[in-house]
Amino acid sequence: MVAQQRVEQAAHEVFARFGYGEIRTPMFERTELFVRGIGEATDIVSKEMYTFDDRGGRSVTLRPEGTAGVVRACLEQNLFKQSPVHKLYYVGPMFRYERPQAGRYREFWQAGIEAFGVSDPLIDAEVLVCAYEFVAALGIKPVEIRLNSIGNEERPAYIEKLKDYIRPRLADLGGRDQERFEANPLRMLDSKDARTREMLADAPKVADHLSSESVEHFEAVRRLLDKSGVPYEVDPYIVRGLDYYTRTVFEITTDGLGAQDAILAGGRYDDLVSEVGGQAVPGIGFAAGLDRLILAMREQDVAIDEGSRHDVYVVTIGDDTRETAFEALTALRRAGMRAEMDHQGRSVRAQMKTANQLRVPYVVVLGEDEIAQQEATVRNMDDQSQETVPLAELASRLSARSNP
């Protein structure tokens, strides 16, 4: 839990620094939203969604990703009519029916951003820099941004050329890639099957079939990344698994995770808003799997703060001291400290054992003598030094030490 909280905190801090505001959407949506937005032939829609009928007979689905729900929420609240430009982020659970494995679960958390209303390559670069800074804030390295452009209006013509190349070789491929050929041949480009990858080595490249506008857009994105000092590699096989992507697509990968080495992915989706019933609004974003990020951090021995969740533990000596201890505990908490005390009337030895287990930096000892003098004994657990502090000043003094 501490690791996930650290990743979530980094997401909130980095995304806010780039001007993104948080949005929260329901965990389930009408199934039609994902079918229209993600694409009926995608693996997510055809094989991985948790879909069921509600009591009204409507088909609903636990959200498998965050973007479609954010678009729906923006349309429902008429945000695009107020202003087409919106920068939003989310952190929350998603659901996919797939074989559980390390870093991939049927319920998993994602953090992501969505930028709407801007088609300029500046926003593509901003999203990529934000992704890079987010991963860097977690201490994960080395990382590699794999970048590509898959075009937009020109893509159907390229897909036909790709199909013409693959068709006479299709019988030699595995069943899953044969299914992809029928549903969406672009998805074959990121196949992990060695036979398919070897066959595609001489296949037509999407970069050679981009329009001049798409080429200029992609070159501008790359120039901006160069100026920002963000490393990347152009990879013609990055296409992403969702049908709504256009032009810029990318993944961030890192060492130590095997074949499934992507920890963050995203791209531009200029047609998605209109696909789900809105006006034409360009968009771009990314999502990162928190479980994958945590796995990468642990594989790379990134220090995850597993320190104490408490600043001070109040130890009582004698039953008659508990009410005064509770009063002191409340004052400590009101001063912003994470304070705790024993609730079971245990021995001093048992209380000190708990304080050691919690790894608190300070222990406050209250006995009858201390209360008679309106004082408390404060023990520094690092160097075992002790001092006497007036009860009236206890909260302010300890708070000042914890928050210098």
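In the working numbering, the protein residues as written are 150 to 553.
A virtual CB, placed ideally from N, CA and C, is assigned to each residue, including glycine.
Buried or exposed by the 16-neighbour rule on C-beta atoms within 10 Å, applied to residue i
i	result
Asn297	buried
Leu271	exposed
Gln158	exposed
Glu151	According to the sequence as given, residue 151 is Val; it is not Glu. Val151 is exposed by the Cβ-count criterion.
Phe244	buried
Arg371	buried
Thr259	Reading off the sequence, residue 259 comes out as Gln, not Thr. The residue is buried, with at least 16 neighbouring Cβ atoms inside 10 Å.
Val184	buried
Asp392	buried
Asp375	exposed
Val512	buried
Ala499	exposed
Ala477	buried
Gly186	buried
Arg396	buried
Asp532	exposed
Thr537	exposed
Residue i (DSSP reduced to helix, strand or coil)
i	result
Asp357	helix
Ser423	helix
Gln563	One cannot answer for residue 563 here, as it falls past the ends of the chain, which runs 150 to 553.
Gln506	helix
Glu247	coil
Arg417	strand
Val430	coil
Asp202	strand
Lys376	helix
Val388	coil
Thr470	helix
Met348	helix
Ala484	coil
Pro175	coil
Leu237	strand
Ile401	strand
Thr210	strand
Arg396	strand
Thr479	helix
Arg458	coil
Alpha-carbon to alpha-carbon, residue j and residue i
i	j	result
Asn301	Lys354	15 Å
Ile453	Arg508	16 Å
Val464	Gln154	29 Å
Tyr199	Thr210	6 Å
Asp339	Ile172	31 Å
Asp419	Ile433	8 Å
Ile294	Thr403	9 Å
Glu489	Pro539	19 Å
Leu335	Thr503	58 Å
Asp450	Leu349	37 Å
Val430	Thr191	23 Å
Ser363	Glu178	33 Å
Arg299	Glu247	In the sequence as displayed, the identity of residue 299 is Ile instead of Arg. Ile299 and Glu247: Cα-Cα distance of roughly 27 Å.
His492	Phe475	10 Å
Met337	Ala352	11 Å
Arg550	Lys236	38 Å
Ala358	Cys279	Note on identity: in this sequence residue 358 is His, with Ala being the wrong assignment. Straight-line Cα distance between these residues: approximately 29 Å.
Asp321	Arg344	8 Å
Leu543	Asn529	14 Å
Gly377	Arg325	The identity of residue 377 in the sequence shown is Ser, whereas the question assumes Gly. For Ser377 and Arg325, the distance between alpha carbons rounds to 40 Å.
Ala484	Ser545	7 Å
Gly188	Ser548	54 Å
Pro385	Arg482	56 Å
Gln327	Asp269	37 Å
Gln523	Gln535	17 Å
Glu303	Ala369	19 Å
Ser360	Leu444	40 Å
Within 9 Å, strictly: CB atoms of residue i and residue j
i	j	result
Gly416	Tyr394	yes
Gly401	Thr473	The identity of residue 401 in the sequence shown is Ile, whereas the question assumes Gly. Result no, Cβ atoms of Ile401 and Thr473 do not sit closer than 9 Å.
Val292	Ala285	yes
Asp460	Met486	yes
Tyr238	Phe164	yes
Gly215	Thr174	yes
Met176	Pro242	yes
Val425	Ala222	no
Phe265	Pro233	yes
Val422	Leu182	no
Ile193	Leu442	no
Ala411	Phe283	no
Phe229	Leu439	no
Arg316	Phe330	yes
Residue i: CB within 8 Å of a non-hydrogen atom of the ligand PLP
i	result
Gln428	What this structure holds is no ligand at all, so the ligand PLP is not there to describe.
Chain D contact for residue i (CB, 9 Å cutoff)
i	result
Arg344	The structure shown contains no chain D; it is built from a single protein chain.
At 4 residues or longer, what runs of the alpha helix (DSSP H) sit wholly inside the region 281-321? Counting only unbroken stretches of 4 or more residues, the alpha helix (DSSP H) elements lying wholly within the region 281-321 are 304-315, in sequence order.
Please go through the region 508-551 and give each complete alpha helix (DSSP H) segment of 4 or more residues, from N-terminal end onward. Within the region 508-551, the alpha helix (DSSP H) runs of at least 4 residues that lie entirely inside it are, in chain order, 517-521, 540-551.
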